[in-house]
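Asker: Take this structure first; my questions come after.
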Amino acid sequence: MKFLSALNMSGGYGGADIIHDCDITVEKGEIAVVVGPNGAGKSTAMKAVFGMLDLHQGTVVLDGEDITGLAPQQRVAIGMGFVPQNHNVFVSLTVQENLEMGAYICDYDIGENLEQVFDLFPILKEKRDQPAGELSGGQRQQVAVGRALMTKPKLLMLDEPTAGVSPIVMDELFDRILEIARTGIAILMVEQNARQALEIADHGFVLVQGCNRFTDTGQALLADPEVRRSFLGG
Amino acid sequence: MTDVLNALVLITNFVIVPATAYGAQLALGALGVTLIFGILRFANFAHGELMAFGAMVTILCTWLLQSMGVGIAPLPTALLALPFGILAAIAMALVTDRAVYRFYRVKRAAPIILAIVSVGVMFVMAGLIRFIIGPNDQSFADGARFLIRAGEFKQMTGLNEGLAIKQSQLLTVVIAVVVVVALFWFLQKTRSGKAMRAYSDNEDLALLSGIDPARVVMITWIIAATLATIAGVLYGLDKTFKPFIYMQLLLPVFAAAIVGGVGQPVGAILGGFVIAFSEVTITYAYKKFITYLAPESWAPEGLVQLLSTDYKFAVSFIILVAVLLIRPTGIIRGKVI
Chain P
1 MKFLSALNMS
11 GGYGGADIIH
21 DCDITVEKGE
31 IAVVVGPNGA
41 GKSTAMKAVF
51 GMLDLHQGTV
61 VLDGEDITGL
71 APQQRVAIGM
81 GFVPQNHNVF
91 VSLTVQENLE
101 MGAYICDYDI
111 GENLEQVFDL
121 FPILKEKRDQ
131 PAGELSGGQR
141 QQVAVGRALM
151 TKPKLLMLDE
161 PTAGVSPIVM
171 DELFDRILEI
181 ARTGIAILMV
191 EQNARQALEI
201 ADHGFVLVQG
211 CNRFTDTGQA
221 LLADPEVRRS
231 FLGG
Chain X
1001 MTDVLNALVL
1011 ITNFVIVPAT
1021 AYGAQLALGA
1031 LGVTLIFGIL
1041 RFANFAHGEL
1051 MAFGAMVTIL
1061 CTWLLQSMGV
1071 GIAPLPTALL
1081 ALPFGILAAI
1091 AMALVTDRAV
1101 YRFYRVKRAA
1111 PIILAIVSVG
1121 VMFVMAGLIR
1131 FIIGPNDQSF
1141 ADGARFLIRA
1151 GEFKQMTGLN
1161 EGLAIKQSQL
1171 LTVVIAVVVV
1181 VALFWFLQKT
1191 RSGKAMRAYS
1201 DNEDLALLSG
1211 IDPARVVMIT
1221 WIIAATLATI
1231 AGVLYGLDKT
1241 FKPFIYMQLL
1251 LPVFAAAIVG
1261 GVGQPVGAIL
1271 GGFVIAFSEV
1281 TITYAYKKFI
1291 TYLAPESWAP
1301 EGLVQLLSTD
1311 YKFAVSFIIL
1321 VAVLLIRPTG
1331 IIRGKVI
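Going down the list, the protein sequences come from chains P and X.
Here this note's numbering is used: the first sequence runs in plain steps of one and ends on residue 234.
Here this note's numbering is used: the second sequence runs in plain steps of one and ends on residue 1337.
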C-alpha cells in the first residue's frame, strides 16, 4: 500500500457520477501527475481525494489510516495540503498574512514554517507586505503553494498550478515542485501541460471520461506511442 | 474681518460641529452593516433596529442607575449603562443568528433571501422594542449638557455669533475614534481579525485553511452589535431616542456603507461623513451666512436653503442613487450589491 492510496473511487457532485472506479496513488517524496483531456474528471478526482466530493464507492487511505469520512478541514489537520486551481490566494491580504492564514490551524509558533516557505520562494519574502492581489500570476501561484505548505503537509495536492502562467514561470514552478518533493513530501498534481508535467513525474495517471486509461511511470507514459498520439499531440 | 469670523463661527456652529457628530454616528452604524455584508454576505436591514435595541436596554439600565443615585457626573450615566446595552444587543444578535440566519446560511441561501429575511427580523425587533419601551421619545441624557455655551462664547470673543458644543458631540467623536482604532487594530493585527478578513475575501480558501466559519460569524455579530449599540446610544444622547427615528436611520447608514464601498471598513467611515455633511450642508439655510460675507445690498430675501430639513433623507437617497449609477463599487472599491 502506498502512502496515499485512493482506490475504486466513484462519485460526482450530486448528479451523475463523474469519476468511475478511479485509482490514484502516490508515495512519499514522489510526484504523481493526473493528466487527460478536458472534462476527464481530473480536478474532480483531486477533490475526491481531498474530501470535497461525496464518494459512494471507494476508499482514501493516507499513511495507513482510512480517511474516507473526513472533511477537508480535518484532512488539512492530519497533513494534507491543497492548492485549488482558481481563487487560491486571499487577494486583499498581504503575502505574509496569506501564509499566516495557511497555518491557521497550527497552535505553535509558525516562524520556522514561514522561514521555510521564504527559503523556497525568496520573492515572497521581498513582497511579504504587499497584498497578494497585486502580484503577478506566477508570484500568486507561489503564494498559493506557500500557503498550503505552511502546515508542513505530508501530501501536497496541486490543481493545475501552472494554469495561466508563462512557459518560463511554468518551468520555474516545476523546479520548485521538484524541490518540495525532494524534502520527502508526496505531491499529487493535475496538469494541463501534460508533457512537461510527465517529465518531472514519477507516476502518471491518464484519465479519460472519469476512468483510469493508462497508469505508469512518467517516462513510460511519455514513451508510449498511444499516449503520445492521443494526449500529447504526437 | 469680524464679519468673516462671524460667518465662520456660524457655519461651524450649525454645520461642521453637528455634521461631524452625526457623521461619526453614521460611520459606526455603517461599519456594522459593512462588516455583516463582508462576512455574512447579505444586507442586514435589521441593523437600525439592533441600534435601537441596544440603545433601549442602555436607557432602561440608565434609568435604573439614576433611580439608585449612581452616576458619573459630569459624564452621562448612559456611559455606565452602555456595557449592559452592548451585552444585550450581542445576545440579541447571536440568538437571532442561531434561530433565523443560520438556517438560511446552512442552506447556502442567496444573499437576496437573507436580505428579505433580515427585513422580517427588522419588523419583529421593531415590535419588540415598541412593546418594551413604547413608541415615544425617551430622554435619558444627564450630566453636563454643554462644553461651550453660545452665550459664553459670545462674551469670550465679543462676536455676534455664538458657538455651542454639546458634551454629547465631543463624546461621540472621542468614542468613535477610540472604537474605530480598536476595530482596525483587531482586524489588522490579531489572528481572529485576519481570519475574518480572509473569510470575507475568499470563503472557500478560508475553509480549506481550517478557519472555523461559526467562530468568524460569531465574532462578526459581536462586533456589529457592539458598534450598533454604541452608535445608537450616541445618537440618542446627541438627539433623542425614538424607535421610529432609528428605523429611518437605516437609510443614511446604508447609504454611507454603499457610498464608501460595501465590505470596506475605511469606506464605511468615509461614507458616514460624506452622507452627514451632505445632509447638513444641503438642508442648512445660508441666509445669515451670506449676509455676513456679502455686501448689504446682496442680502438674499429667501432663506437660501437648498432643501427643507424635512427632506433630509432625500439627500441620502440621491447620493445613493448617484453612486450606484456612476460608481457602484463606492469610493473605496468594494463589492457590488
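Just so it is clear, CB atoms sit at the ideal spot from N, CA and C, and this is done for glycine as well.
Within 10 angstroms of its Cβ, does X:G1330 collect 16 or more other Cβ (buried), or is it exposed?
Answerer: Counting Cβ neighbours within 10 Å, X:G1330 comes out buried, since at least 16 surround it.
Asker: Which residue comes first and which comes last in the beta strand (DSSP E) that contains P:N212?
Answerer: Its beta strand (DSSP E) spans residues C211 to T217.
Asker: Could you list which residues in chain P have their beta carbon closer than 9 angstroms to that of X:G1032, in chain order?
Answerer: Residues of chain P passing the Cβ test: none, with the nearest at roughly 20 angstroms.
Asker: Determine whether the Cβ of P:I105 lies closer than 8 angstroms to any Cβ atom of chain X.
Answerer: So, interface residue.
Asker: From the DSSP secondary-structure annotation, give me the bridge partner or partners of P:A312.
Answerer: It is not possible to answer for residue 312 of chain P, since the shown part of chain P is limited to 1 through 234.
Asker: So who's on the other strand from P:H203, going by DSSP bridges?
Answerer: Per DSSP, P:A32 and P:T217.
Asker: Within 10 angstroms of its Cβ, does X:T1220 collect 16 or more other Cβ (buried), or is it exposed?
Answerer: So X:T1220 ends up on the buried side.
Asker: Compare the C-beta of P:G41 with all C-beta atoms of chain X and state if any pair is closer than 8 angstroms.
Answerer: Chain X, which has no Cβ nearer than 8 angstroms to the Cβ of P:G41, makes this no.
Asker: Can a CB atom of chain X be found closer than 8 angstroms to the CB of P:M46?
Answerer: No, P:M46 does not count as interfacial toward chain X.
Asker: For a contact meaning CB atoms closer than 8 angstroms, what does P:V76 contact in chain X?
Answerer: Result: L1208, S1209 and G1210.
Asker: Closest by CA to X:L1064, which one among X:L1320, X:Y1311, X:V1315 and X:F1140?
Answerer: Of the candidates X:L1320, X:Y1311, X:V1315 and X:F1140, the one whose C-alpha sits nearest the C-alpha of X:L1064 is X:F1140.
Asker: Quick one: residues in its chain with C-beta nearer than 6 angstroms to the C-beta of X:L1250, no 5 flanking neighbours on either side, listed in chain order?
Answerer: Only G1048 meet the Cβ criterion.
Asker: Closest to P:N8 by CA distance: which of P:G210, P:R228, P:T217 and P:H87 is it?
Answerer: Taking only the C-alpha atoms, the option nearest P:N8 is P:G210.
Asker: When we look at the beta-carbon of P:A132 and count the other beta-carbons within 10 Å, is it buried (16 or more) or exposed?
Answerer: When all chains shown are included, P:A132 counts as buried.
Asker: Quick check on the burial criterion: 16 or more other C-beta atoms within 10 angstroms. Buried or exposed for P:P225?
Answerer: Result: exposed.
Asker: Quick check: the Cα distance between X:A1299 and X:K1287, rounded to an integer number of angstroms?
Answerer: For X:A1299 and X:K1287, the distance between alpha carbons rounds to 8 angstroms.
Asker: Label P:H203 either buried or exposed according to how many other C-beta atoms from any shown protein chain fall within 10 Å of its C-beta, with 16 as the threshold for buried.
Answerer: Buried.
Asker: For X:N1006, count neighbouring Cβ atoms within 10 angstroms of its own Cβ and tell me buried if that reaches 16, exposed if not.
Answerer: Looking at its Cβ environment, which holds 16 or more other Cβ atoms inside 10 Å, X:N1006 is buried.
Asker: Residues of the segment 89-116 of chain P in Cβ contact with chain X at a cutoff of 7 angstroms, in chain order, please.
Answerer: Taking 7 angstroms as the Cβ-Cβ cut-off against chain X, the residues of the segment 89-116 of chain P that qualify are F90, V91, S92, L93, E97, E100, M101, G102, Y104 and I105.
Asker: Which residue from X:T1281, X:P1076 and X:Q1264 puts its Cα closest to that of X:D1201?
Answerer: Comparing Cα positions, the closest option is X:Q1264.
Asker: For the ligand ZN, is there any heavy atom lying closer than 7 angstroms to the beta carbon of P:L158?
Answerer: Only the bare structure without any ligand can be found here, which leaves the ligand ZN out of the picture.
Asker: Quick test of your reading: X:K1242 and X:D1097, contact by CB under 8 angstroms. State the CB separation rounded to the nearest angstrom.
Answerer: So it is not a contact: roughly 27 angstroms between Cβ atoms.
Asker: Give a yes or no on whether the minimum CB-CB distance between X:A1093 and chain A is below 8 angstroms.
Answerer: Any reference to chain A falls outside this structure, whose protein chains are P and X.
Asker: So what does DSSP say about X:N1202, is it helix, strand or coil?
Answerer: In this structure, X:N1202 counts as coil in the three-state DSSP scheme.
Asker: Buried or exposed: where does X:F1131 fall if 16 or more other Cβ atoms within 10 Å of its Cβ makes it buried?
Answerer: Burial call: exposed.
Asker: For P:F82, go through chain X and note every residue whose CB falls closer than 9 angstroms to its CB, in chain order.
Answerer: The contacting residues are L1208.
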